[in-house]
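Under the working numbering, the sequence shown has 1007 at position 400, and the numbering climbs by one with no breaks.
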Amino acid sequence: MKYAKIYNDKYYHWDELKYKDFGDSSRDDVWKIMKIFRILSYRSVNIGNKTLYYSVADDYIQRALHEIDSRIASGFLISGDVTEKRRIMLSVSSMMEESIASSQLEGASTTTKLAKKLLRSNLEPKDRSQRMILNNYHAMQFIKERLDEPLSLELIKDVHRVITESLMDDPQTSGEFRTDDSIAVRDVYEDVTYHVPVSHTEIGKMIVDLCDYVNEDAEFIHPLIKGIMIHFILAYIHPFLDGNGRVSRALFYWYCMKNGYSMVEFLSISKTIKNHRQDYDRSYLLTETDGMDATYFARYNLKMVSEAIDVFDTYLKRKMDEQKKLIEDLHMTGLSYRQSQILKDMVRSGEPVSQYELSVKYQTTVPTIRRDLIALLESGYISLAGKDGHRQLYIYSKEKN
608 MKYAKIYNDK YYHWDELKYK DFGDSSRDDV WKIMKIFRIL SYRSVNIGNK TLYYSVADDY
668 IQRALHEIDS RIASGFLISG DVTEKRRIML SVSSMMEESI ASSQLEGAST TTKLAKKLLR
728 SNLEPKDRSQ RMILNNYHAM QFIKERLDEP LSLELIKDVH RVITESLMDD PQTSGEFRTD
788 DSIAVRDVYE DVTYHVPVSH TEIGKMIVDL CDYVNEDAEF IHPLIKGIMI HFILAYIHPF
848 LDGNGRVSRA LFYWYCMKNG YSMVEFLSIS KTIKNHRQDY DRSYLLTETD GMDATYFARY
908 NLKMVSEAID VFDTYLKRKM DEQKKLIEDL HMTGLSYRQS QILKDMVRSG EPVSQYELSV
968 KYQTTVPTIR RDLIALLESG YISLAGKDGH RQLYIYSKEK N
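Below you can see the structure in the form of structure tokens.
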């Protein structure tokens, strides 16, 4: 009994018990007791002919939900120094980070720096990776426009259509469920198959059941948990030929924002997942190999949400400290706050930038940014740096400093 409790607190999988101590008991006996405790606290989700489970009494899940809710209630984003314009800028920046990281999880091969430049420049993507990132960014904007809707087949297909625009080998398959069983989740280098999706004949019924589960509110299920279940179930069904992971993660954001967790728009959860990619993949496998117990997946994703909050909190505090320092320096430079910010960004990047990129980043009009750039040019802080097509580029002038 003692060992069963200890190992259940860590929610070990059967495979993880291989080298553990069991005292006078056997691995089999301890595992049986562990499973009994888990089953007693299970909630089930019926999707087609599959039943998914998760433990509502798991201590880690309860602590994680309480911590996340407490941080939201305490207003970790609320500060007198965070203006509405600043909040919009932070949201745009985070949505860019999420779009990039979610695409990189699915194989987009470009650096975060180049990807941000693409999104801020509003340029046409040059390759598949850039297209994937741009589509993801459009999808993150798209879901914010559909928060008043229930989950439906049409909404899921619409999100997929945005995410896969100009990416599918057959354009007709964009926004449409697959009609065959030709796909599998595989490691092509190791020649290992990790997941065989459900038959295409089962997709329609399973998606309807998923929508019913999500839209039903007779029984309270914490929004973060239900959002995580959407993420897992949709990825498990794999209803599309491609883009399933991106759609699943986008709909997690959609559900959370729809149900009072608007703060997720400031978090790049995919970025934290990318930093722990093996654990992400493993949480799927642990769930599938333990009778569809999604507690493993829920624990992992709550950990990623908590880490994403930590990352953003640290970033916001650093930015607030920088802002205070900039304001103190304004008396010496004679520049406005935004001009100082633009100048600092140029110093950091060391690369040319256009007024269009800056207008997106600072969420203001091109004429306003142009006036800022003219002031910086006249002060000698920046200089012209050629053109990108018809767009004038500007760069920090080292000669001034």
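We put the CB at the ideal spot given by N, CA and C, even for glycine. Since we're looking at a predicted model, the values are computed, not measured.
Three-state secondary structure assigned by DSSP to residue i
i       : result
Asn1008 : Because Asn1008 carries a pLDDT of 49, less than 50, the predicted location of this residue cannot be relied on, and the following value inherits that uncertainty. Looking at Asn1008 - three-state DSSP - the assignment turns out to be coil, as it is neither helix nor strand.
Asp952  : helix
Ile679  : helix
Thr800  : strand
Ala992  : strand
Ser806  : coil
Leu1000 : strand
Arg785  : coil
Ser961  : strand
Leu624  : helix
Gln970  : coil
Asp631  : coil
Leu774  : coil
Glu929  : helix
Tyr619  : coil
Asp816  : helix
Glu914  : helix
Ala857  : helix
Asp920  : helix
Gly811  : helix
Asp852  : With the sequence shown as reference, residue 852 is identified as Gly, and Asp is not the correct amino acid for it. Three-state DSSP puts Gly852 in a helix.
Ser943  : coil
Ala825  : coil
Arg694  : helix
Phe644  : helix
Asp665  : coil
Residues bridged to residue i [DSSP beta-bridge criterion]
i      : result
Tyr660 : Ser651 and Asp900
Arg793 : Thr800
Segment limits, alpha helix (DSSP H) that includes residue i
i      : result
Gly834 : Pro830 to Ile844
Lys764 : Leu760 to Ile770
Lys609 : Lys609 to Asp616
Thr975 : Val973 to Ser986
Contact between the segment 609-625 and the segment 776-785 (3+ Cβ pairs under 8 Å): no
Those runs of the alpha helix (DSSP H) which lie wholly inside the segment 700-756 and span at least 4 residues: 719-728 and 735-751
Alpha helix (DSSP H) runs contained entirely in the segment 862-909, provided each spans 4 or more residues: 876-882 and 884-895
Three or more C-beta pairs below 8 Å linking the segment 657-675 and the segment 825-835: yes
Meets three-Cβ-pair contact criterion under 8 Å: the segment 697-707 and the segment 664-682: no
The segment 965-981 contacting the segment 920-932, beta-carbon criterion three pairs below 8 Å: no
Validate contact between the segment 858-876 and the segment 746-757 using beta carbons, cut 8 Å, 3 pairs: yes
The segment 950-966 in contact with the segment 997-1006 per 3-pair CB rule at 8 Å: yes
Inter-stretch contact at 8 Å, needing at least 3 Cβ pairs: the segment 879-886 / the segment 839-854: no
Cβ pair count under 8 Å reaching 3, the segment 627-634 against the segment 873-881: no
Segment contact flag, the segment 795-810 with the segment 640-647, C-beta cutoff 8 Å, min 3 pairs: no
Touching by the beta-carbon criterion (3+ pairs, under 8 Å), the segment 713-733 and the segment 822-830: no
Inter-stretch contact (C-beta, 8 Å, three-pair minimum) for the segment 669-676 and the segment 913-925: yes
Stretch pair the segment 738-745 + the segment 717-730: three plus CB contacts closer than 8 Å: yes
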